[in-house]
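Student:
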Amino acid sequence: MELGAVVVIPASADLPGINDFHPHVLAAAGRPRPLYSSRMPIVGNDVLQSWVDRVRKLGVQNLWLTAASRDDSGSYFGMPEFARQEVDRLLMITLKSYAEMDLADLLAFHCQSQNPVTEAQDVQGQLGVCLLDRSALQATGKQHKFPCAPSDSSRSPYQFRGYAKRILSARERHELAEDALTGACAMRPFGKEIREQVWLGEGVELADSVRVIGPSYIGARTVIRAGATIGPFASVERDCVVDCGTTVERSTVLPCNYLAPGLLIRHGLVDGGYLEDLGGGTVADLQPAGLGARIRPRGSDRQAFRQANVFSRPDGAWQSTLSTSPQPWAQVRL
Amino acid sequence: MKAVAGNVLPFPCASSASGRRAQRRALLSALRFSSSPKIVDLSGCSTLNHEDIELLLECVAQVAGRDTRVLFVAGSRANRVLLEVTRISSLAPVFNSVKEALAVPQANAVNEADGGHPSESRERWSA
């Protein structure tokens, strides 16, 4: 039986539902802020790449990629067309979690249970991974329903008991980074370990007076200015600038962010000039006070982090291209 | 009660620049000449810009080296996060509400009379 695989990148159309699930993710003025892109690196790693590696191990030859944008009928772009592809079984991964899942075990469970649909879940619920037989795929095309929707209670779920984190949530995203820094999961920081539990990416600039306390990660081309302190349990991703005297502790700074001098970023996640407090989920806008901002990456044409070669577009560009393209599917030969 | 009300100073959040300047002058003047603890209330501010951060630091500077204390009421979780990020919360105590802050100067008076240290509630909002 031919097995196909598709990875769905959650698009903005799906975010209101996610915001309902995380109602605390509101900016200062009460507006929902965009959630974190699943393509944003975690200690330099692309979670998509980790899933692609797992799919490859399964012996799947072709992988389709798409953004989960809905068309006018409410159906997901391309699902009916996809049902006409010559695959007997489809592995569908919605890129919202990192899970160290043995997909061969999931496949074996699916075959044994003989259900048309098997979805993987852990104690917190769905992981965004499901297997569909051809019959389920064709029904999906006819009914314009998204496969693996949480409505069908008749399915027998695959209970995953291994390591998993949801990467759309700031807190779990940072927990994953901490686990990668301490070796609590299989993910490893993408860079050179200059001393115990301190990793630096390529082209990092550290002023002489900078303190880096492990476990910590500083991504490629990031600049840390005089008197700053990074760590412990800090991840400053690629192309950031941390200005003089600022401390980043138990926090994540996502790519292309500037942090002003003298700040104390503790137990937070910084993205695009916003800071989310990992404890209470409060989001503060750093921009009006000039405390933080989105900045352009230095040398954006270079591969910035451990990202699949076939998806070498900058964050976001890939997603929007798919959303507006008449053919929103990209086929990748593994 | 009148004395208590006089100790609470609204942080300037006026929409017009002139109104804001007047409030700013009044706030700094009140801090400069006061000998009793003052509570600066940011409840009216939905967010803080760089001028606000500067003014908060000026408030701290006005009472530095004197017996007068300044206390801040964040008014919102986001403001509290900004006060922590800018380390202002390490310079002056920050409270969630005026009621919570008002309890402290009275407690201070008692504590100081006893030779103890003032107590500060630093509880965060529950999630």
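Chains A and B, in that order, are what the protein sequence lines are. Residue numbers for the first sequence, in the working numbering: 698 to 1031. Residue numbers for the second sequence, in the working numbering: 32 to 158. Glycine is no exception: its CB is placed at the ideal position from the N, C-alpha and C atoms.
#1: On the three-pair Cβ rule with 8 Å, is the segment 960-976 of chain A touching the segment 896-907 of chain A?
#2: Mind checking if residue 980 of chain A is an interface residue toward chain B, Cβ cutoff 8 Å exclusive?
#3: For my contact list, residue 864 of chain A and residue 948 of chain A are in at a C-beta cut-off of 8 Å; report their separation, rounded to the angstrom.
#4: Among the residues of its own chain, which have a CB less than 8 Å from the CB of residue 894 of chain A, if the five just before and after it don't count?
#5: Residue 987 of chain A touches chain B at which residues, Cβ-Cβ below 9 Å?
#6: With distances taken between CB atoms, is the gap from residue 72 of chain B to residue 43 of chain B smaller than 8 Å?
#7: So, using beta-carbon positions, are residue 900 of chain A and residue 917 of chain A closer together than 8 Å?
#8: Where does residue 83 of chain B sit, in a helix, a strand or coil, going by DSSP?
#9: Whose CA, out of A/796, A/705, A/831, lies closest to the CA of residue 873 of chain A?
#10: Under the three-state reduction of DSSP, which class applies to residue 793 of chain A: helix, strand or coil?
#11: Which residues in the same chain as residue 39 of chain B place their Cβ atom closer than 7 Å to its Cβ, once the five residues preceding and following it in sequence are excluded?
#12: Which complete beta strand (DSSP E) runs does the segment 952-988 of chain A hold, if anything under 3 residues is left out?
#13: Spatial neighbours of residue 924 of chain A within its chain, please: CB distance less than 6 Å, with the 5 preceding and 5 following residues excluded, ordered by chain position.
#14: Tell me, please, whether the CB atom of residue 921 of chain A is closer than 8 Å to any CB atom in chain B?
#15: From A/966, A/704, A/930, pick the residue whose C-alpha is nearest to that of residue 1026 of chain A; which is it?
#16: Given a limit of 8 Å on CB to CB distance, which residues of the segment 946-966 of chain A reach chain B?
#17: What are the start and end residues of the alpha helix (DSSP H) that includes residue 763 of chain A?
#18: Run through DSSP, which three-state label would residue 890 of chain A get?
#19: Alpha carbon to alpha carbon, how far is residue 1018 of chain A from residue 80 of chain B?
#20: Can you tell me the Cα-Cα spacing of residue 828 of chain A and residue 76 of chain B, whole angstroms?
#21: In chain E, which residues lie less than 7 Å from residue 974 of chain A when you measure between Cβ atoms?
#22: Return the CA-CA distance between residue 741 of chain A and residue 967 of chain A, expressed in angstroms with no decimal places.
#23: Between which residues of its own chain and residue 89 of chain B is the CB-CB distance below 8 Å, once the five residues before and five after are set aside?
#24: Just checking: is the beta-carbon of residue 911 of chain A within a distance shorter than 8 Å of some beta-carbon in chain B?
#25: Let me make sure I understand the geometry here. Which of A/816, A/760, A/758 has the alpha-carbon closest to that of residue 798 of chain A?
#26: Bridge partners for residue 69 of chain B per DSSP, in chain order?
#27: Assuming residue 946 of chain A and residue 957 of chain A make a contact with CB atoms under 8 Å, what is their CB distance in whole Å?
Tutor: The relevant details are as follows:
#1: Note that the segment 960-976 of chain A does not touch the segment 896-907 of chain A; fewer than 3 beta-carbon pairs, one per stretch, sit closer than 8 Å.
#2: It does; some Cβ of chain B falls within 8 Å.
#3: Wrong, their Cβ atoms sit about 16 Å apart, outside the cutoff.
#4: Spatial neighbours of residue 894 of chain A in its own chain (CB-CB distance under 8 Å, excluding positions within 5 residues in sequence) are listed in chain order as 878, 879, 911, 912, 913.
#5: Under the 9 Å cutoff, chain B gives 80, 81, 84.
#6: Contact flag unset, no.
#7: Yes.
#8: For residue 83 of chain B, the three-state secondary structure derived from DSSP is helix.
#9: By alpha-carbon distance to residue 873 of chain A, the top candidate from A/796, A/705, A/831 is A/796.
#10: Coil at residue 793 of chain A, not helix or strand.
#11: Sequence-distant partners of residue 39 of chain B (beyond 5 residues in either direction) whose C-beta falls short of 7 Å from its own C-beta, in its chain, are 70, 72, 129.
#12: Here the runs fully enclosed are 954-956, 961-963, 965-968, 971-974, 980-982.
#13: Counting only residues of its own chain and dropping the five nearest sequence neighbours on each side, residue 924 of chain A has a CB closer than 6 Å to the CB of 906, 941, 942.
#14: Chain B, which has no Cβ nearer than 8 Å to the Cβ of residue 921 of chain A, makes this no.
#15: Ranking A/966, A/704, A/930 by Cα distance to residue 1026 of chain A puts A/704 first.
#16: Within the segment 946-966 of chain A, the qualifying residues are 959, 960, 961, 962, 963, 965.
#17: Following the DSSP letters along the chain, one finds residue 763 of chain A in no alpha helix (DSSP H) but inside the beta strand (DSSP E) bounded by residues 759-764.
#18: For residue 890 of chain A, the three-state secondary structure derived from DSSP is strand.
#19: Caution applies to residue 1018 of chain A, whose pLDDT of 37 falls short of 50 and renders its modelled position unreliable; the model cannot decide the point.
#20: Taking the straight line joining both Cα atoms gives about 50 Å.
#21: Included in the structure are the protein chains A and B, with no chain E among them.
#22: If you take the alpha carbons of residue 741 of chain A and residue 967 of chain A, they lie about 16 Å apart.
#23: Hits under 8 Å: 59.
#24: Interface criterion not met: the Cβ of residue 911 of chain A is under 8 Å from no Cβ in chain B.
#25: For the residues A/816, A/760, A/758, the minimum Cα distance to residue 798 of chain A belongs to A/816.
#26: Paired residues: B/101.
#27: Contact doesn't hold; Cβ gap of about 16 Å is too wide.
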